[in-house]
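Peer 1: Heads up, the sequence shown is in our numbering, so the first residue is 1 and it goes up one at a time. Take this structure, written in structure tokens, and hold onto it; I'll ask about it next.
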Amino acid sequence: MIEVEVKAKIDNFEDMRKKLNDLGAIKTKEEFQEDIYFNSPIVDFAKTDEALRIRTTKQGNEKHIFITYKGAKIDSESKTREEIEFRIEDSKKCAKTFEHIGFKKVRTVRKNREYYAYKNFEISLDDIEGLDPYMEIEIGLEDGNDYKESQNSIFEVFKQLGITDGFERTSYLELLETL
Numbered sequence: 001m002i003e004v005e006v007k008a009k010i011d012n013f014e015d016m017r018k019k020l021n022d023l024g025a026i027k028t029k030e031e032f033q034e035d036i037y038f039n040s041p042i043v044d045f046a047k048t049d050e051a052l053r054i055r056t057t058k059q060g061n062e063k064h065i066f067i068t069y070k071g072a073k074i075d076s077e078s079k080t081r082e083e084i085e086f087r088i089e090d091s092k093k094c095a096k097t098f099e100h101i102g103f104k105k106v107r108t109v110r111k112n113r114e115y116y117a118y119k120n121f122e123i124s125l126d127d128i129e130g131l132d133p134y135m136e137i138e139i140g141l142e143d144g145n146d147y148k149e150s151q152n153s154i155f156e157v158f159k160q161l162g163i164t165d166g167f168e169r170t171s172y173l174e175l176l177e178t179l
């Protein structure tokens, strides 16, 4: 799958929630996410612009765990990239396995995320420990589909929400590493 994603810093959550409501976006869920990032023993993911993480999500009593690989970004305007994600049952065993085969833990990123649905977009408001408020808008495309039209549509939604600058291609992991 190709994840077409654009992220921007926002002033505050309350104003953006109102704008999303006025736009017609519907809040679908809230969850806590803990992402443990790893670096490869073969290549430096910071240099190749890739990512490997174990994500644990918690929503009420529900808990889900995923492994996600993100390939290098494929353009200079967004965070569009290949994404491979699947569920697992045990994050500790997975992390231990990664470490035994040479992967190193880089950092843990924690955030509270609110999801909104608008047309074919998934919009999220992210409250990341240690960072300012952010909003992401994304569309998932099957491999081989042209992403430019989707990317332009995402920028149009940002414009409708009053955001025309402050876009960020850097990951939350990289932003936290620079503090």
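C-beta: ideal position from N, C-alpha, C; glycine also. In this text the structure is predicted, and so the values were computed from the model without any measurement.
Can you name the start and end residues of the beta strand (DSSP E) that M135 belongs to?
Peer 2: Position 135 of the sequence shown, counted from the first residue, corresponds to residue 135. Element bounds for M135: Y134 to L141.
Peer 1: Use the C-beta contact count for L179: other C-beta atoms within 10 angstroms, 16 or more gives buried, fewer gives exposed.
Peer 2: Here residue 179 refers to the residue found at position 179 when the sequence shown is read from its first residue. Exposed, by the Cβ-count rule.
Peer 1: Between which residues of its own chain and I154 is the CB-CB distance below 6 Å, once the five residues before and five after are set aside?
Peer 2: Taking the sequence shown and counting its residues from 1, one reaches residue 154 at position 154. Within the same chain, I154 has close Cβ partners V6 and I137.
Peer 1: Could you round the C-beta distance between S78 and V4 to whole angstroms and report it? I think they count as a contact, below 8 Å.
Peer 2: Position 78 of the sequence shown holds residue 78. Position 4 of the sequence shown holds residue 4. Between V4 and S78 the Cβ distance is about 7 Å, and since that is below 8 Å, they are a contact.
Peer 1: Which two residues bound the contiguous alpha helix (DSSP H) that contains A46?
Peer 2: Along the sequence shown, read from residue 1 onward, the residue named residue 46 stands at position 46. Run containing A46: F45 to T48, per the alpha helix (DSSP H) assignment.
Peer 1: Per DSSP, what kind of secondary structure is N120 in: helix, strand or coil?
Peer 2: Position 120 of the sequence shown, counting from 1, holds the residue named residue 120. The answer is coil: DSSP assigns N120 none of H, G, I, E or B.
Peer 1: Quick check on the DSSP output: what are the complete beta strand (DSSP E) runs of length 3 or more inside the region 54-103, in order along the chain?
Peer 2: 62-70 and 81-88
Peer 1: Give the DSSP-derived three-state secondary structure of E149 in the structure shown.
Peer 2: Mapped onto the sequence shown, residue 149 falls at position 149. It is helical.
Peer 1: In terms of alpha-carbon separation, which member of E168, N12, V109 and D44 lies closest to T80?
Peer 2: The residue given as residue 80 occupies position 80 in the sequence shown. Comparing C-alpha distances from T80 to each of E168, N12, V109 and D44 shows the shortest one belongs to E168.
Peer 1: In the DSSP assignment, find the unbroken beta strand (DSSP E) run with E3 in it and report its ends.
Peer 2: Residue 3 sits at position 3 when you count from the first residue of the sequence shown. Here the beta strand (DSSP E) through E3 covers I2 to K9.
Peer 1: Can you give the Cα-Cα distance for E142 and K47, rounded to whole angstroms?
Peer 2: Translated into positions along the sequence shown, residue 142 becomes position 142. Translated into positions along the sequence shown, residue 47 becomes position 47. Spanning the two alpha carbons is a distance of roughly 26 Å.
Peer 1: Under 6 Å Cβ to Cβ from E114, same chain only, skipping five residues before and after it: list those, please.
Peer 2: The count along the sequence shown starts at 1 and reaches residue 114 at position 114. Correct list, in chain order: E30 and L125.
Peer 1: Taking all protein chains shown into account, do 16 or more other C-beta atoms lie within 10 angstroms of the C-beta of Q33, making it buried, or fewer, making it exposed?
Peer 2: Within the sequence shown, numbered from 1, the residue matching residue 33 stands at position 33. Q33 should be labelled buried.
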